[in-house]
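Structure record follows, encoded as structure tokens.
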Ligand code: 0RA
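In this note's numbering, the protein residues as written are 68 to 721.
Right, dumping it as structure tokens:
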């Protein structure tokens, strides 16, 4: 294989079998391979792939922090579109590499290395999208400048499209150590090169939570905005932040940690008064959205430890059944973080940990930690056990209720809700369901749609407050029942993705605060009760236009539609300025569009833009929702005051 790894080179310094020329060819072939098939290395060339460039560089700095040599990272978004990642680690080594006969810094930045067991760093990631190496970032950048502060000096080297354009040069002296990487993503490779502050801030905050004491800053020189994260409590602070506004059931967070067979395990647990489960797991700082062996071990240990305590303290009598896993996770907020030398990432999105021995290791550490916590905190133990016993009862009641409705449903002629205007095709792959806010927009959508493959379900009034309602109550709500029946998958334990009647479920709400609210409600519902629907990429948000602009004269009086203020201004200037157009119509709601306009702007697959909802979007919605609807008034007031000026931003997803 042409893409020989740097590890091989670093580890085989003794026996020379190639030399300068061969390694030079490898460099060029390696860079070309990355530029030819960027998706193979960073997942995509869309916004996600673009942001991965930053994560890749930051991961290297975090590795330095995990090794104990770095406690500060600064990411700067610069006015020219470039990004700078600064750290106070050891600095990239600059000495001549014995094998390649070039400075190690140049080797690190130009040679592909397979999956990152680079210089046997203990916890470097070996799968997934992270850990591909800074050389990939270099290959995909129009230019990159690397600076290393080490051994009393500052060294610099510049690259263009991955190739060195200067040699490594000493550029001054410095007593400090660390690395600064500045790069401009290549716009001939990426669909978009605009970095999103929120996206980066979210990930950097997560890294700060996962690495206790590490200071991580984000500076946006384009806007002057800055954020700084540093958590003395680490994942304990993470759990407290997640439970903010959700009414913690016990004041102390259960924190446990341990190391066995080369795997470091850390978990923080706190229950709240709500009914949903929030368990975020990480392996080597990567969010394992699809779970995996560490999560399985955690859940098994939690179930066993809670049942043991319930028996011991008399919450379960001898003749009573054990509490189920779902019962002991009702109202649970937990972070599980594991670190291991060679993680295997599997699953559709490579976010499922596959190392089979990790399950037992996590199980042992977690079971012991929870047992100790429950013994040492009897009040917390009582609150948790009471809640789990209640959950078991409610689940049993819900099961009976479901059985009743199922029997009733079987006798009815048609199971589909009356409000649903279905499409003709039966192939879910082709079929789309529009969830439309309000009856008048629902009417336009029904008229405007392509009835062959587009179905419409209008949603009216206030959809229930899913936050406060248990699953059995949620089921009792008519709007939600119609939604569940239309989608066809069922919910909760009985959810079956194969029964989905549509592979596109499209939220179509007004571009105002109420619309954003309904969207938040629906996303929260999907997140909590139909999560695989989001994970499979079946949930979308429609993008209705904000303006309609009609040219005054000329042959072409076709109306133009603008989806933002900036686009409105651009269109008007293209048409010849404000004189050349009628007063632009600002749409306040979907209801102002007639059927044809709705079709042309928002529903026609050839002309519309749909935003795919990611799990990250849904998690964000869930958090906004908890704060807006939660039982505690304090955080809600704070949130509204803090964000009142950003309502525009709240309205955009993706
Ligand atoms: C290679 C070896 C060592 C550290 C690094 C690279 C390194 C890379 C980056 C990228 C951004 N920040 C970074 N910090 C360090 C090990 C250092 C040693 O052994 O002295």
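Note that CB positions come from ideal geometry on N, CA and C, so glycine has one too.
Proximity to residue 432 across 324, 337, 102 peaks at 324, based on C-alpha coordinates. Contact between residue 653 and residue 614 holds, since their C-beta atoms are separated by about 6 Å, short of 8 Å. Residue 286 is positioned such that its CB atom lies closer than 7 Å to that of residue 293. If you draw a straight line from the Cα of residue 296 to the Cα of residue 271, it comes to about 8 Å. A contact between stretches requires three or more CB pairs, one per stretch, nearer than 8 Å, and the stretch 580–597 fails this requirement with the stretch 511–523. Scanning 525, 155, 625 for the CA closest to the CA of residue 141 turns up 155.
For residue 237, the secondary structure class from DSSP, reduced to helix, strand or coil, is strand.
Distances from the alpha-carbon of residue 377 to those of 263, 394, 203, 589 put 394 closest.
Selection 218, 234, 204 evaluated against residue 168 yields 234 as nearest (Cα-Cα).
The C-beta distance from residue 362 to residue 383 rounds to 25 Å, too long to fall under 8 Å, and the pair is not in contact.
These are the residues, in chain order, with a beta carbon less than 6 Å from any non-hydrogen atom of the ligand 0RA: 124, 127, 128, 131, 154, 156, 157, 159, 160, 175, 186, 201, 246, 248. When the five nearest sequence neighbours on each side are left out, the beta carbons in the same chain lying within less than 6 Å of the beta carbon of residue 689 are those of 591, 594, in order along the chain.
By DSSP's assignment, residue 321 forms a beta bridge with 336.
In the DSSP assignment, the residues bridged to residue 231 are 226.
Shown here, residue 575 sits in a strand according to DSSP, grouped into three states. Taking residue 488 as the centre and dropping the five residues before and after it, the same chain places the C-beta of 513, 522, 523 closer than 7 Å to its C-beta, in chain order. With 16 or more other CB atoms across the displayed protein chains lying within 10 angstroms of its CB, residue 170 is buried. Excluding residues up to 5 positions away in sequence, 484, 486 lie with their Cβ nearer than 6 Å to the Cβ of residue 549 in the same chain. Here residue 261 carries a coil assignment [DSSP, helix/strand/coil]. With 16 or more other Cβ atoms inside 10 Å of its own Cβ, residue 668 counts as buried. Excluding the 5 residues flanking it on each side, residue 425 has same chain C-beta neighbours closer than 7 Å at 330, 360, 361, 364, 405, 407, in chain order.
With a beta-carbon spacing of about 30 Å, residue 249 and residue 299 fall beyond the 8 Å limit used to define contacts. Residue pairing by DSSP places residue 353 opposite 350 in a beta bridge. About 6 Å separates the beta carbons of residue 316 and residue 339, which is inside the 8 Å limit, making them a contact pair.
A distance below 7 Å between beta-carbons, with the five flanking residues on each side excluded, links residue 492 to the following residues of its chain, in chain order: 498, 519, 520. Listed in chain order, the alpha helix (DSSP H) runs fully inside the stretch 432–492 are 445–478, counting runs of at least 4 residues. DSSP places residue 345 within a strand segment (E or B) once states are collapsed to three. Listed as beta-bridge partners of residue 507 by DSSP are no residues whatsoever. Straight-line spacing of the CA atoms in residue 664 and residue 635 works out to 17 Å. A distance below 7 Å separates the beta carbons of residue 573 and residue 607. Annotation for residue 673: no beta strand (DSSP E) segment contains it, and DSSP assigns it neither H nor E. Between residue 680 and residue 551, the C-beta spacing is not below 7 Å. Under the Cβ criterion (8 Å, minimum of three pairs), the stretch 220–229 counts as touching the stretch 237–244. Boundaries for residue 245: no alpha helix (DSSP H) harbours it, while the beta strand (DSSP E) harbouring it runs 245–252, taken from the DSSP string.
Straight-line measurement puts the Cα of residue 660 at about 13 Å from the Cα of residue 616.
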